[in-house]
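One structure is given here, and the rest of the page talks about it.
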Amino acid sequence: MKFIRVLRHYFLPHESNNQKAKILHPDSLFVMAIGLVGFQLILSLAGNSFPKVLGYAANISPEEVIRLTNVKRAENGLAPLAQNSTLSQAALAKGNDMLSKGYWAHFAPDGTSPWTFFLNFGYKYKYAGENLARDFSDASSAVNAWMNSPTHRENILNANYQDIGIGVVEGNLLGADTTIIVQFFGAQLAGNVSNVPEAKAKAPTTTSVPKPAPQVVSTPSPSPTPVVTPSPTPTPQQPITDSGSSVAFVSPFTSTKGISLLVTGLLIMILSIDLIVVKRNRIVRIGGKNIAHIAFLGMILAVILILKAGQII
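Have a look at this one:
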């Protein structure tokens, strides 16, 4: 019986709580807010102390990223890109470079540009481009995120590009396990033959996704400064992974989203019950706009549901 009285006190209007659920009192809401902030702080500290427990890990195939990219190009009337193994090696090296130097950007802290990796692996480009993604659980989510970004979409739908290379690496970046996707685009200078055989990607079958308006953006070629290509072909780098960290037990994003959904849903439910009980019992209350509060929390709930993990640059 005591347990039932406690539940009634915290979740239902009653004489014990001045006809307003205790959890809706300012002091209770303050404690909940402090709890949410504390939870975020714990996640942040735990991510630095236990990087193998908190983070993102996924099984993303480079071939699937290329296939989906070519699907998007086909939907817009563009020729498919050919998978170039030299570009794939360069993309893999770029991903490993970000993990080893601890940065998430197109340019390294020491000024190394993406195009350096093209040239280091013997790919003399006329046009070149790069898309980056991290913390996605599957290839489809990453490609869709790129397509929803105007600048990344320009790269995918650029008619000047002929080749594509994908590097997928897993490792610890800035204190948390993550999966990074490096997408390199290029078109070689006339007469330039790659040191590594190329494998042509099959033209994908177009899907029934609604067809966006065609958009062809001319991307200026990078600075044509003469660069001496090293004679030996660099050995392909392997992803920097740790056997114990290939699977993350807890995703910070998923944890935060789950707690936020729980708290927001709980408040909406309690406010709704409070509104019904007050009307049914004809309780006179000064202040307390339950309908407005429910509408506001409903908008927050919708935003939380829409949010998805993943970053692109």
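So the sequence shown is residues 809 to 1121, counted in my numbering. Glycine included, every Cβ here is placed at the ideal spot set by N, Cα and C. No experiment lies behind these values; they were computed from the predicted model shown.
Query raised in the report: In angstroms, rounded to a whole number, what distance separates the CA positions of V1071 and V873?
Result: CA-to-CA, the gap between V1071 and V873 works out to about 36 Å.
Query raised in the report: Per the contact definition of three or more C-beta pairs closer than 8 Å, is the stretch 884-891 in contact with the stretch 942-957?
Result: no
Query raised in the report: What are the partner residues of N939, as DSSP defines its beta bridges?
Result: Q991
Query raised in the report: Any idea if E883 is buried or exposed, counting beta-carbon neighbours within 10 angstroms, 16 or more meaning buried?
Result: Burial call: buried.
Query - Buried versus exposed call for S986 [16 or more other C-beta atoms within 10 Å across all chains shown] - result: Residue 986 is actually Thr in this sequence, not Ser. Buried: at least 16 other Cβ atoms inside 10 Å.
Report task. Take the Cβ of S824 as the centre, count every other Cβ of all protein chains shown within 10 Å, and call the residue buried at 16 or more, exposed below. Result -> Burial call: exposed.
Query - Euclidean distance between Cα positions of A841 and Q848 - result: 11 Å
Report task. Return the residue from the list I1112, L1105 and H1101 that minimises the CA-CA distance to K1065. Result -> Proximity to K1065 across I1112, L1105 and H1101 peaks at I1112, based on C-alpha coordinates.
Query raised in the report: If you draw a straight line from the alpha carbon of I964 to that of T877, how long is it in whole angstroms?
Result: If you take the alpha carbons of I964 and T877, they lie about 7 Å apart.
Requested in this report: Taking V976 as part of the alpha helix (DSSP H), name the residues at either end of that continuous run.
Outcome: Going by DSSP, V976 is part of no alpha helix (DSSP H) but of the beta strand (DSSP E) stretching over D971 to L981.
Query raised in the report: What do you get for T959, buried or exposed, if any count of 16 or more other CB atoms within 10 angstroms of its CB means buried?
Result: exposed
Query raised in the report: Three-state secondary structure (DSSP) at N825?
Result: helix
Query raised in the report: Which term fits V814, buried or exposed, when burial requires 16 or more other beta carbons within 10 angstroms of its beta carbon?
Result: exposed
Query raised in the report: Around the Cβ of R1088, are there at least 16 other Cβ atoms within 10 angstroms (buried) or fewer (exposed)?
Result: exposed
Query raised in the report: Secondary structure at A887, three-state DSSP: helix, strand or coil?
Result: coil
Query raised in the report: For D918, which of helix, strand or coil comes out of DSSP?
Result: The answer is coil: DSSP assigns D918 none of H, G, I, E or B.
Query raised in the report: Near Q970, what residues of its chain come up, given a Cβ to Cβ distance below 6 Å and the 5 sequence neighbours on each side ignored?
Result: Cβ within range, chain order: A995.
Query raised in the report: Can you find a heavy atom of the ligand ZN that lies under 6 Å from the Cβ of V839?
Result: By its list of ligands, the structure shown contains no ligand whatsoever, and the ligand ZN lies outside what it can speak to.
Report task. Determine whether the Cβ of I964 lies closer than 7 Å to any Cβ atom of chain B. Result -> Of the protein chains in the structure, only one exists, and it is not chain B.
Requested in this report: Counting only the same chain and skipping the five closest in sequence on each side, list residues whose C-beta sits under 8 Å from that of A898.
Outcome: F925, F926, N928, F929, Y931, G973, G975 and F992
Query raised in the report: In angstroms, rounded to a whole number, what distance separates the CA positions of A913 and M906?
Result: 8 Å
Requested in this report: Decide if S1080 is buried, meaning its Cβ has at least 16 other Cβ atoms within 10 Å, or exposed.
Outcome: By the C-beta density criterion, S1080 is exposed, having fewer than 16 other C-beta atoms within 10 angstroms.
Query - Test item: CB-CB of G903 and V977 under 7 Å - result: For G903 and V977, yes; Cβs fall inside 7 Å.
Query raised in the report: Are the beta-carbon atoms of P821 and K810 separated by less than 7 Å?
Result: Against a cut-off of 7 Å, the Cβ pair of K810 and P821 comes out as no contact.
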